[in-house]
Amino acid sequence: MAETIVFSGEVAVVTGAGGGLGRAYAHMLGERGCRIVVNDVGRPHGDNVPVAQSVVDELQAKGIEAVADDHNAITDGGAIIATAIDAFGAVDIVVNNAGIGAGSPIGPNSADEWRETIDATLQTSIAVTGAAWPYLIERGGGRIVMTGSPAMFGASTTIPYSAAKSSMYGFTRSVAAAGRRHGIVANNVMPSALTRLTKSLPPGPMAQLFADHYPPEDVASFVTWLCHRSCTVSGESFSVGGGRAARVVLSENRGVLVEDQAPESWAAHVDELMSLDEVVFPLSMNDEVTWQAHTLGKPVPAELAPGGPLDWNRKPRP
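Each residue of the sequence shown is one higher than the one before, counting from 29 in my numbering.
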């Protein structure tokens, strides 16, 4: 039986926590013992109470310590973290949940539209994670959760969003690598849940699927585990929703080596090039590049591949 997931007053900053997934994260982390910074720039409800403060009121009614923050995560990551330091004196957990679902099919998208979507997804995570970084190091470690999306697999009707969410895979792996020696663990969730975004889907089978089977609380329980000190998994991405979670990985096959560097040579080997009979899962850029050298029969410096070459059809080195 796994240990009970409880916290001892750790300070969790949750961006985009005024509703949907962020609100569910804030509630579950608070119920399990965290002190919460609820960040959201959302407009006030009809009672003129900002959405972040509304969630704080809900948490405080449960006896959970919480404060509201309405800074923009794109430009004011430092101010969000300052709210945590001013209120609680520390930061232990960052859940980068803020984002938007803007975008459109391929075509003459304006640069402003692309920038808005990328900023709301990637820049928010960069800004808040970067601002929290020295405080996490000072605490001897911490937990960071990024928010990707199943859209990384492709979404023809919202291409800027798909591109922005895909970036979270590499960003998470890089942050995890940088944080390893500091005890900082970072992971990426790709949630499927009924949220403010999915509620805006046009009526139809997909909208009904989310409404019937994907409550945000199912994702919140997984994120709460990722935020706990007992979770040592790092640098990973997970598809999460409906009570199910699955590890998502990038892999490459054995590859094709041709001596005649002509376009026709590649066309003649398309079946081998597309084969997934043998795959390898690089842990980092160094792993991928040294594996290329290994398959080419080139010498690989020991310091670049301290664990030896990757094996086919197995997990990457820890």
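We put the CB at the ideal spot given by N, CA and C, even for glycine. Everything numeric in this text was worked out from a predicted model, so none of it was measured.
Three-state secondary structure (DSSP) of residue i
i       : result
Asp-97  : strand
Pro-162 : helix
Ile-351 : The structure shown does not extend to residue 351, since the chain is modelled only from 29 through 346, so no value can be given for it.
Val-34  : coil
His-328 : Before going on, a small fix: residue 328 reads as Val here, not His. Three-state result, Val-328: coil.
Ala-214 : strand
Trp-340 : Because Trp-340 carries a pLDDT of 44, less than 50, the predicted location of this residue cannot be relied on, and the following value inherits that uncertainty. The answer is coil: DSSP assigns Trp-340 none of H, G, I, E or B.
Ala-52  : helix
Gly-47  : coil
Delimiting residues of the beta strand (DSSP E) encompassing residue i
i       : result
Gly-170 : 170-175
Ala-40  : 39-42
The ligand ADP heavy atom lying under 7 Å from the CB of residue i
i      : result
Cys-62 : With respect to the ligand ADP, the structure offers nothing, as it holds no ligand at all.
Span of the alpha helix (DSSP H) around residue i
i       : result
Phe-199 : 187-207
Ala-183 : Looking at the DSSP string, Ala-183 is not in any alpha helix (DSSP H), and its letter there is neither H nor E.
Arg-143 : 139-146
Candidates the options: closest to residue i by CA position
i       : options                               : result
Asp-246 : Gly-182, Ala-80 and Arg-51            : Arg-51
Ser-220 : Ser-36, Val-39 and Gly-48             : Gly-48
Asp-315 : Leu-278, Glu-300, Cys-259 and Asp-305 : Leu-278
Gly-269 : Ser-303, Val-217, Asp-114 and Gly-325 : Val-217
Val-308 : Val-317, Thr-323, Val-66 and Arg-282  : Arg-282
Val-42  : Ile-121, Glu-86, Arg-257 and Ile-113  : Ile-121
Val-77  : Ile-165, Gly-46, Arg-257 and Ala-214  : Gly-46
Gly-37  : Ala-115, His-99 and Ala-96            : Ala-115
Met-56  : Ala-40, Ser-177 and Asn-67            : Ala-40
Ala-118 : Gly-135, Ile-128 and Leu-164          : Leu-164
Pro-310 : Arg-201, Glu-287 and Cys-259          : Arg-201
Glu-31  : Ala-204, Ser-190 and Ser-258          : Ser-258
Leu-285 : Met-180, Gln-320 and Glu-264          : Gln-320
Test: residue i CB closer than 8 Å to a CB of chain D
i       : result
Thr-200 : This model lacks chain D altogether, as it is built from one protein chain only.
Q: Inspect the CB distances between the region 50-68 and the region 88-104 and report whether three or more fall short of 8 Å.
A: yes
Q.
With a threshold of 8 Å, are at least 3 pairs of Cβ atoms found where one atom belongs to the region 105-120 and the other to the region 152-166?
A. yes
Q.
Does the structure place the region 245-264 close enough to the region 145-154 that three or more beta carbon pairs sit under 8 Å?
A. no
**Q.** alpha helix (DSSP H) runs wholly inside the region 246-322, at least 4 long, in chain order
**A.** 291-295 and 298-302
Q: Mind the definition here: the region 291-299 touches the region 196-206 only if three or more C-beta pairs lie below 8 Å; say whether that holds.
A: no
Q. In chain order, which beta strand (DSSP E) runs of at least 3 residues are fully inside the region 54-124?
A. 63-67, 94-97 and 121-123
**Q.** Segment contact flag, the region 170-177 with the region 134-148, C-beta cutoff 8 Å, min 3 pairs
**A.** no
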